[in-house]
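Number of protein chains: 4
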Amino acid sequence: MPKVSANERAATRTRLLEAGKAEFAERGLAGARFDEIAVAAGHAKGTIYNYFDSKEELFFTIVGEWCALLVDAIDAEPQGSARQRLRRVAELDVEIARKDPDLALVVVQQMPTLVVSHASAVNAALEPGLARLAAIVRAGLEAGEFRSAQSADTIVRLFLSTLSSFELEALLPDTEFALDDVVGLLDRHFLEGFCERAPIPVASTEDIS
Amino acid sequence: MPKVSANERAATRTRLLEAGKAEFAERGLAGARFDEIAVAAGHAKGTIYNYFDSKEELFFTIVGEWCALLVDAIDAEPQGSARQRLRRVAELDVEIARKDPDLALVVVQQMPTLVVSHASAVNAALEPGLARLAAIVRAGLEAGEFRSAQSADTIVRLFLSTLSSFELEALLPDTEFALDDVVGLLDRHFLEGFCERAPIPVASTEDIS
Amino acid sequence: MPKVSANERAATRTRLLEAGKAEFAERGLAGARFDEIAVAAGHAKGTIYNYFDSKEELFFTIVGEWCALLVDAIDAEPQGSARQRLRRVAELDVEIARKDPDLALVVVQQMPTLVVSHASAVNAALEPGLARLAAIVRAGLEAGEFRSAQSADTIVRLFLSTLSSFELEALLPDTEFALDDVVGLLDRHFLEGFCERAPIPVASTEDIS
Amino acid sequence: MPKVSANERAATRTRLLEAGKAEFAERGLAGARFDEIAVAAGHAKGTIYNYFDSKEELFFTIVGEWCALLVDAIDAEPQGSARQRLRRVAELDVEIARKDPDLALVVVQQMPTLVVSHASAVNAALEPGLARLAAIVRAGLEAGEFRSAQSADTIVRLFLSTLSSFELEALLPDTEFALDDVVGLLDRHFLEGFCERAPIPVASTEDIS
DNA sequence: AATGAATGAGCATTCATTCAT
DNA sequence: TATGAATGAATGCTCATTCAT
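Protein chains in written order, with numbering that gives the first Met the number 0: chain A, 0 to 208; chain B, 0 to 208; chain C, 0 to 208; chain D, 0 to 208.
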């Protein structure tokens, strides 16, 4: 016999998460202020602590939400060539960003920092998705579809970070580049590079200088 | 008649900048502490204010140093095809990162955040280099060497952010991917995408699902 | 017609008091937390306010319970010499401490603080007992059984505080001194000092130094 | 070449300690507020952190100051019988309390709490003094001057806690009992109990009831 | 009466910035 | 110019108390 229904609790929690996304997207982990989050959520500061133990927990809950969405997206598309499957993952990721731009901004903006200073926490949250993506890449390499001097794990990390930087560019205001352009660009400028083709020879820089 | 020679002043300034790079690389703009920087530089906290007006100025001086190095690199290689010239810029940028990894870490790590919250300051510092790179790209587009649905300005931003994410990956500890791999990867996966070639057709995702 | 029977109410109240004793014994008045008390009592935090107006009231109810027990103890033994009667009061007090060590810990630990910052509240709660004890001492003084330069009121306060410090010592963990030793020690060292006897002369310190 | 002289630093530190004593004496460790301490010392709140790492460090510095004074006092009087020497220690302790009543109030008021919840920190600070006092008591026991069922260590703890409670009583406002009365009372009501004498028989309580 | 979510005042602590020496 | 003590605004977090259900 709780005082408020589970629905109300969930709604409050969601409001706090939304406000947190906006604040973290604008100021980052270190710069975010609980006062602002509380006001934006229409609650008192102390209320946040009824739902999250600390600023970091709120932040990583948000990052974790994105990780979970990404992992779901990866799980959702098991068929096709490696390139098709990665392209599809990118499409789903862009879809996530379209539905919740603040969430995407938090992630793409903070990821480089997190990967330096909170590597383990981020890796743990992403691990299932990373493993899955690595399997896709590995299959592509083994089937001869992909060629690369890099390992599957490295390719996965580069794939995600390149996807992130494109999305960031698309999410910035005053930019002509939009989310709609991300997948095509990533396909042509990153994924295609793994595929066999007649290369256009380019004189090495050393030949010129 | 200054009490300390210009040499000493310059040496102190350099020491502060070096210490600042290390601290900003480790903690970011918001997280960096003047106490640490001062101690690492072997000076008192107040001394920083004899050289820089504020934490932000110190930070943007460091970012500006990188921008200047990049602009120099861009200016240094005016010849060849657009692809060759961008590849050369990337090589020089990697060289900068190799010589001063802390500086590179600051830039590649903080850039996504800055570009959101300090867009104007960053743009101002990068403007000369951006304009130059845009000219290179524009020449490539006009000569028919490059093909892209994106504008030259957009291509430049994507070029720099992709270069950044590759460098970040290479600078992280415990990674097999190294600075030596950056340029080749960027050339094959990003730059080559702008060049005319027989594309390998890929069935669109819609055909499959 | 209350929804819960008087028995249930009393049981809940007792559970809250017990949990309060444990918490106050461990953390003191300022450090005690209602959350802990509520959880330990198996109730919600708000329930406490159905029984006590505030933290202080809960605390003073507990202190008051001890005071009442002490007053009862004092009332229970009206006969004998002053020394015998005070000794008997000490015995009963030790008995109280043995039956409820948490309660005793609260009192002996907090009393010095309370007596400084809540003197009036404590005095009010103890007043009946203090008056009774003072009467006993006064009778001893008037009968010539006791000799002291101090007033009866002072003697009572010293008696209680000495008794408290001995009990505290006995209640601490890892101590060889036990509750069983308290009364004997108090009798021999404190009470006996009031009684006429051939004193063992001691050279005053000044004679030596 | 510090900005302020060592004297000024020491003066500021002393002012903070004095203000801290007063606040801790009035509110205890948990209840003390840095705002009040800062204002009372005539400084900003942040200044306290230039001298002490935390509230607890400030508090234990104060307690430690008292411990050091006590240890000094114990070291100062190595001659005479055990009773004389303990009496002398008590005299010196009272002297300390007379010179700095706030300091004494902090200690006598908080000691019971500390001994429960911070036993190790307090024991460490007092250890040298405790050992010294135990040696005095042990000498008295071995010489046959003292008789007790308790160990030397226990006697020392009881001695100090009884001394504390008497001092607390003397330090309270509106009390006729004064610091001047403490040593005599302690000698007659505590120390004398250890010495051989013709006891005044007292019928045990059991004989009566 | 019981609940427990919401509240918001209160507080320790941090840290960029100032300024007297 | 260099110093580092002093400052005080800013902020994460705690917790007794309230109150709608």
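All C-beta atoms, glycine included, are put in the ideal place defined by N, C-alpha and C.
Residue i - DSSP class collapsed to helix/strand/coil
i: B:F158; result: helix
i: D:F51; result: coil
i: A:F165; result: helix
i: A:F176; result: coil
i: D:F193; result: helix
i: B:H188; result: helix
i: C:P198; result: Only weak support exists for where C:P198 lies, its pLDDT of 49 falling under 50; the coordinates are left without a value.
i: A:S4; result: coil
Contact check, residue i vs residue j, beta carbons under 9 angstroms
i: D:V136; j: D:V106; result: no
i: A:V228; j: A:V181; result: Residue 228 of chain A is absent from the model: chain A starts at 0 and stops at 208.
i: C:S147; j: D:F165; result: no
i: A:L184; j: B:Q149; result: yes
i: B:H188; j: A:E191; result: yes
i: A:T46; j: A:A39; result: no
i: B:R12; j: B:Y50; result: yes
i: A:E55; j: A:L28; result: yes
i: B:D101; j: B:E35; result: no
i: A:L69; j: A:L170; result: no
i: B:L85; j: B:A75; result: no
i: B:R209; j: B:E144; result: Outside the displayed range of chain B (0 to 208) lies residue 209 of chain B, so it cannot be described from this structure.
i: A:A134; j: A:A151; result: yes
i: D:F59; j: D:A130; result: no
i: C:A96; j: C:L15; result: no
i: D:T153; j: C:T174; result: yes
Cβ separation of residue i and residue j, assumed to be a contact under 8 angstroms, to the nearest whole Å
i: C:V155; j: C:L132; result: 4 angstroms
i: D:F158; j: D:E168; result: About 16 angstroms separates the two Cβ atoms, so there is no contact after all.
i: B:C66; j: B:G128; result: 6 angstroms
i: C:K44; j: C:F33; result: 5 angstroms
i: B:F23; j: B:A31; result: 5 angstroms
**OP:** Taking only beta carbons into account, state which residues of the segment 110–125 of chain B come closer than 9 angstroms to chain A, listed in chain order.
**Re:** M110, P111, T112, V114, V115, S116, A118
Original post:
Does the segment 105–120 of chain C come close enough to the segment 110–126 of chain D to have 3 or more Cβ pairs within less than 8 angstroms?
Top reply: In short, these stretches touch, since the Cβ pair count reaches three.
Subject >> Selection of the segment 6–39 of chain B by Cβ proximity to chain A, strictly under 7 angstroms >> reply: G27, A29, G30
Subject >> Cβ-based contacts, 9 angstroms cut-off: residues of the segment 141–154 of chain A near chain B >> reply: Cβ contacts with chain B: S147, A148, Q149, S150, D152, T153.
**OP:** Residues of the segment 157–171 of chain D with a CB closer than 8 angstroms to any CB of chain C: list them in chain order, please.
**Re:** L157, S160, T161, S163, S164, F165, L167, E168, L171
Subject >> Residues of the segment 50–61 of chain B with Cβ closer than 9 angstroms to any Cβ of chain A, in chain order >> reply: Hits within the stretch: zero.
**OP:** Name, going along the chain, the residues of the segment 86–113 of chain A whose beta-carbon falls closer than 9 angstroms to a beta-carbon of chain B.
**Re:** R86, R87, E90, L104, V107, Q108, Q109, M110, P111, T112
**OP:** Residues of the segment 186–197 of chain B with a CB closer than 9 angstroms to any CB of chain A: list them in chain order, please.
**Re:** D186, R187, H188, F189, L190, E191, G192, F193, C194, E195, R196, A197
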